[in-house]
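Here is the structure we will look at, set down as structure tokens.
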Amino acid sequence: MKVFDLICDADHRFEGWFASAEQYASQRDAQAVCCPLCESSAVRREPSAPRLNLGIEESKPTAAAVPTPSSDDAAAMTATVFERLRRAISETEDVGVRFAEEARRIHYAETAPRAIRGTATDQEQRELDDEGIETIRLPIPRALTETLQ
């Protein structure tokens, strides 16, 4: 099994697991490798160093070394982020492409206040900002909004 560090054209970094480098290349060429955040298929490999277990004890870091998060810490942080995203999804109403319109209606008290989510173009986002309507841009992977099989 080969684990490759990948990056999409939006600079999202992620790992991909493949049977071989040739299988990665084949899937990439068929545009079957996609970013889990933005779903872009413009993905490339990043240089990475393989870890070889040669039975040699690794040197212990010195006190001056900068600590790096363990894989357990990273996994816990990832789990926390995904749990909070799932909660945000479950506690908000998806208004889809009507997001800017609904945000204005709520802001100007034309409808009852409620938590919403949806999509807005860059232009719509700038207009909302100009009107003083606070929003948060949050890329939510489609996998979090759908039932996993």
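Sequence positions in the sequence shown follow this note's numbering and run 628 to 776. Even glycine gets a Cβ: it sits at the ideal position worked out from N, Cα and C.
For residue i, the nearest candidate out of the options (CA to CA)
i	options	result
S675	H734, S717, F641 and G745	F641
V670	A701, A637 and I716	A637
C661	S653, C635 and R672	C635
L664	L633, Y651, R655 and I760	L633
R753	Y735, A736 and R731	R731
Contact under 8 Å by Cβ, residue i with residue j
i	j	result
E718	A742	yes
V724	T738	no
F645	R672	no
Rounded separation between residue i and residue j - CA only
i	j	result
E758	V708	30 Å
D749	F726	12 Å
S653	E666	18 Å
D756	E720	21 Å
I763	M704	20 Å
S647	A715	38 Å
A702	G643	16 Å
Strand pairing of residue i, partner residues [DSSP]
i	result
C635	V670
I743	E720
Rounded distance between the beta-carbons of residue j and residue i, thought under 8 Å
i	j	result
I767	L712	6 Å
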